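When you read off a place in the sequence shown, starting at 1, and then add 484, the result is the number in my numbering.
Don't be surprised by glycine CBs; every beta carbon is placed ideally from N, CA and C.
Predicted model, so just to flag it, every value in this text is computed and none were measured.
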Amino acid sequence: MSLVSRRRNAFMAFSAALVLSLTVGVVSAAPSSDALAFVPSDATTVGMIRLSDMRNSPLTARLFTETDRLSADGEAKRFLKEAGLDPARDVDVLVATTSPRDGQPNEPAALVIAEGRFNVQRLSDAIQSRGATSKRAAGKTYYLLEEKGEDRHGQRGAVAFIDSGVVIAGSEESVVEALQQKGRANFREASIIGRELSRIDTRATAWALVDLARTRRFQGSLRMPTAGGPSADSLSSAMKSVSVLGISTMDTGEALKISAFGISNDAETRDLLEDTLRGLTAAWRLAAQEKAPELVSALRKFNIDQTGDSVTIEGSIPASMLKNFAKHSTKHRAK
Numbered sequence: 485m486s487l488v489s490r491r492r493n494a495f496m497a498f499s500a501a502l503v504l505s506l507t508v509g510v511v512s513a514a515p516s517s518d519a520l521a522f523v524p525s526d527a528t529t530v531g532m533i534r535l536s537d538m539r540n541s542p543l544t545a546r547l548f549t550e551t552d553r554l555s556a557d558g559e560a561k562r563f564l565k566e567a568g569l570d571p572a573r574d575v576d577v578l579v580a581t582t583s584p585r586d587g588q589p590n591e592p593a594a595l596v597i598a599e600g601r602f603n604v605q606r607l608s609d610a611i612q613s614r615g616a617t618s619k620r621a622a623g624k625t626y627y628l629l630e631e632k633g634e635d636r637h638g639q640r641g642a643v644a645f646i647d648s649g650v651v652i653a654g655s656e657e658s659v660v661e662a663l664q665q666k667g668r669a670n671f672r673e674a675s676i677i678g679r680e681l682s683r684i685d686t687r688a689t690a691w692a693l694v695d696l697a698r699t700r701r702f703q704g705s706l707r708m709p710t711a712g713g714p715s716a717d718s719l720s721s722a723m724k725s726v727s728v729l730g731i732s733t734m735d736t737g738e739a740l741k742i743s744a745f746g747i748s749n750d751a752e753t754r755d756l757l758e759d760t761l762r763g764l765t766a767a768w769r770l771a772a773q774e775k776a777p778e779l780v781s782a783l784r785k786f787n788i789d790q791t792g793d794s795v796t797i798e799g800s801i802p803a804s805m806l807k808n809f810a811k812h813s814t815k816h817r818a819k
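Right under this line is the structure:
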């Protein structure tokens, strides 16, 4: 492979990693007791985003403009109007989680929890007018969506309006389990990843925790990308022995702070992971000299460290660079 090709692949790997960090920020924040109270104790992945912080940030506020456009037409607009809900204004926190299905441990069941300001009566009326049927579990009402919304396991979607501050949605199995969660061992105490929550900066705009050991059992589970040359291949190999992965982002308005850690009880795995990350950041810097030279200084400040049972990488990307990156990506897609 030529030097130019290697640099191009390394830059693509860096771009993918950066987009992943931004995506975690968009779909996955400091813990919120109400939302996390509904997370299953056997959760394998949990991600949280604090939309209330992003809403007023010059770096991420543009996402809410995009959200408005997505809900500007058709049935979605009618439903939101009937329900008296403006997601960009009324939703403050989103939590997404997966856990094994009952009787199908190799299949994930998903649940989404939203915190904000909700009109329970209007939401209930709007969803029932669209064919949803009310049911009860653990003394609470939830709504089962129409059969046409069944997933490949025959599970219909469900939603529960807990109160004016919390809404949960997912498969019927997930929603019922969440409603029954009260009084059980909670996520922080019982879950493998819940016990690692203390490693996440409470000021984070968004975070995600993944129990890699159990998530690998899921059919069609996400795998580390293999593109990007030997360093990326080494990272993929090292991650196979990592038990828990944590990622967090903090939007300060002036920069996006990125932090990630991998936990492993095997010293050789930690050494391999540390060496691989150092090799990758060096490759990113080399690639950035051609494609985005302004990133080189930022990448030099990324810190990689091994402490106890984990390896961490931390750094910041200035807002101006991210905006240029997004602008370049938009132009590239338009061609």
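- Message: Looking at THR689: is its Cβ nearer than 9 Å to the Cβ of MET805?
- Response: Position 205 of the sequence shown, counted from the first residue, corresponds to residue 689. Position 321 of the sequence shown, counted from the first residue, corresponds to residue 805. Not a contact, by the Cβ cut-off of 9 Å.
- Task: Along the beta strand (DSSP E) that carries THR582, what are the first and last residues, could you check?
- Result: On the sequence shown, position 98 is the one that residue 582 refers to. Here the beta strand (DSSP E) through THR582 covers 575-585.
- Message: So, for GLU566: in the same chain, excluding its five sequence neighbours on each side, which residues have a beta-carbon less than 8 Å away from its beta-carbon?
- Response: Within the sequence shown, numbered from 1, the residue matching residue 566 stands at position 82. These residues qualify, in order along the chain: ARG606, ASP609, ALA610, SER613.
- Message: So for GLY799, helix, strand or coil by DSSP?
- Response: As a working note, residue 799 is residue 315 in the sequence shown. Here GLY799 sits in strand by DSSP.
- Query: Rounded to the nearest angstrom, how far is the Cβ of THR582 from that of PRO592, given a contact under 8 Å?
  - Reply: Mapped onto the sequence shown, residue 582 falls at position 98. Mapped onto the sequence shown, residue 592 falls at position 108. THR582 to PRO592, Cβ: 4 Å. Contact.
- Helix, strand or coil at THR617 [DSSP, three-state]: Counting from one through the sequence shown, the residue named residue 617 turns up at place 133. THR617 falls in the strand class under three-state DSSP.
- Cut-off 6 Å between Cβ atoms - residues of its own chain near ALA782, not counting five sequence neighbours on either side: In the sequence shown, residue 782 corresponds to position 298, counting from 1. So the list reads ILE801, once near-sequence residues are dropped.
- My understanding is that ALA803 touches GLY737, with C-beta atoms under 8 Å, so please give their C-beta distance in whole angstroms. Position 319 of the sequence shown, counted from the start, is the residue given in the question as residue 803. Position 253 of the sequence shown, counted from the start, is the residue given in the question as residue 737. Right, the Cβ-Cβ distance comes to about 7 Å (below 8 Å), so this counts as a contact.
- Task: May I have the straight-line CA-CA distance separating GLY799 from TYR626, to the nearest angstrom?
- Result: Here residue 799 is taken as the residue at index 315 of the sequence shown, counted from 1. Here residue 626 is taken as the residue at index 142 of the sequence shown, counted from 1. GLY799 and TYR626: Cα-Cα distance of roughly 43 Å.
- Query: Grouping DSSP H, G and I as helix and E and B as strand, with all else coil, what is LEU478?
  - Reply: For the chain, the structure presents residues 485 to 819; residue 478 sits outside this window and is missing.
- Message: For GLU758 and GLY746, I'd like the C-alpha separation in whole angstroms.
- Response: Sequence index remark: in the sequence shown, residue 758 carries index 274 (1-based). Sequence index remark: in the sequence shown, residue 746 carries index 262 (1-based). Cα atoms of GLU758 and GLY746: separation of roughly 10 Å, rounded to the nearest angstrom.
- Item | Residues of its chain near LEU520, where Cβ-Cβ distance is below 6 Å and the 5 sequence neighbours each way are ignored | Locating residue 520 in the sequence shown gives position 36, counting from the first residue. Short of 6 Å from the beta carbon of LEU520, and not among the five residues preceding or following it, lie these beta carbons of its own chain, in chain order: PHE671.
- Among the residues of its own chain, which have a CB less than 6 Å from the CB of LYS807, if the five just before and after it don't count? In the sequence shown, the residue the question calls residue 807 occupies position 323. Contacts found: none.
- Quick one: is the Cβ of ARG762 within less than 8 Å of any heavy atom of the ligand GTP? For the ligand GTP, the structure offers nothing, since it holds no ligand at all.
- Query: Apart from the five residues on each side of it in sequence, which residues of its chain come closer than 6 Å, Cβ to Cβ, to VAL579?
  - Reply: For this step, residue 579 is matched to residue 95 along the sequence shown. Correct list, in chain order: ALA519, MET532, ILE597.
- Item | Same chain only: Cβ atoms within 7 Å of GLU657, ignoring 5 sequence neighbours per side | Walking along the sequence shown from the start, residue 657 turns up at place 173. Only ARG585, ASP586, ALA593, GLN639 meet the Cβ criterion.
- Which residues in the same chain as THR617 place their Cβ atom closer than 8 Å to its Cβ, once the five residues preceding and following it in sequence are excluded? Locating residue 617 in the sequence shown gives position 133, counting from the first residue. Taken in chain order, the residues that qualify are TYR627, LEU628.
- Item | N-terminal and C-terminal residue of the alpha helix (DSSP H) that ARG762 is part of | Position 278 of the sequence shown, counted from the start, is the residue given in the question as residue 762. First-last of the alpha helix (DSSP H) with ARG762: 751-775.
- Task: Go ahead and pull the three-state DSSP assignment for ASP609.
- Result: For the purposes of this step, residue 609 is taken as the residue at position 125 of the sequence shown. Helix, per DSSP.
- Task: Within its chain, find whatever has a CB closer than 8 Å to the CB of LYS785; leave out the 5 residues flanking it on each side and keep chain order.
- Result: In the sequence shown, residue 785 corresponds to position 301, counting from 1. The answer, listed in chain order, is GLY799, SER800.
- Item | Euclidean distance between Cα positions of SER682 and LYS619 | For this step, residue 682 is matched to residue 198 along the sequence shown. For this step, residue 619 is matched to residue 135 along the sequence shown. Approximately 37 Å between the Cα atoms of the pair.
- Determine the burial state of ASP695: buried for a count of at least 16 other Cβ atoms within 10 Å of its Cβ, exposed for fewer. Here residue 695 corresponds to residue number 211 of the sequence shown, with the count starting at 1. So ASP695 counts as buried.
- Message: I'd like to know whether the C-beta atoms of THR733 and TRP691 end up nearer to each other than 9 Å.
- Response: Within the sequence shown, the letter at position 249 stands for residue 733. Within the sequence shown, the letter at position 207 stands for residue 691. Yes, these two residues count as a Cβ contact at 9 Å.
- Are ASP793 and SER675 closer than 9 Å when you measure CB to CB? Here residue 793 refers to the residue found at position 309 when the sequence shown is read from its first residue. Here residue 675 refers to the residue found at position 191 when the sequence shown is read from its first residue. Their beta carbons are not under 9 Å apart, which means ASP793 does not touch SER675 by this criterion.
- Since I believe ASP576 is in contact with GLY600 (beta carbons under 8 Å), could you give me their beta-carbon distance rounded to a whole number of angstroms? Counting from 1 along the sequence shown, the entry for residue 600 is found at position 116. Counting from 1 along the sequence shown, the entry for residue 576 is found at position 92. Indeed, because the Cβ distance is near 5 Å, the residues count as touching under 8 Å.
- Task: Pull up the distance between the alpha-carbon of THR765 and that of VAL659, whole angstroms please.
- Result: As a first step, residue 765 must be located in the sequence shown, where it is residue number 281. As a first step, residue 659 must be located in the sequence shown, where it is residue number 175. Their backbone Cα atoms lie some 42 Å apart in a straight line.
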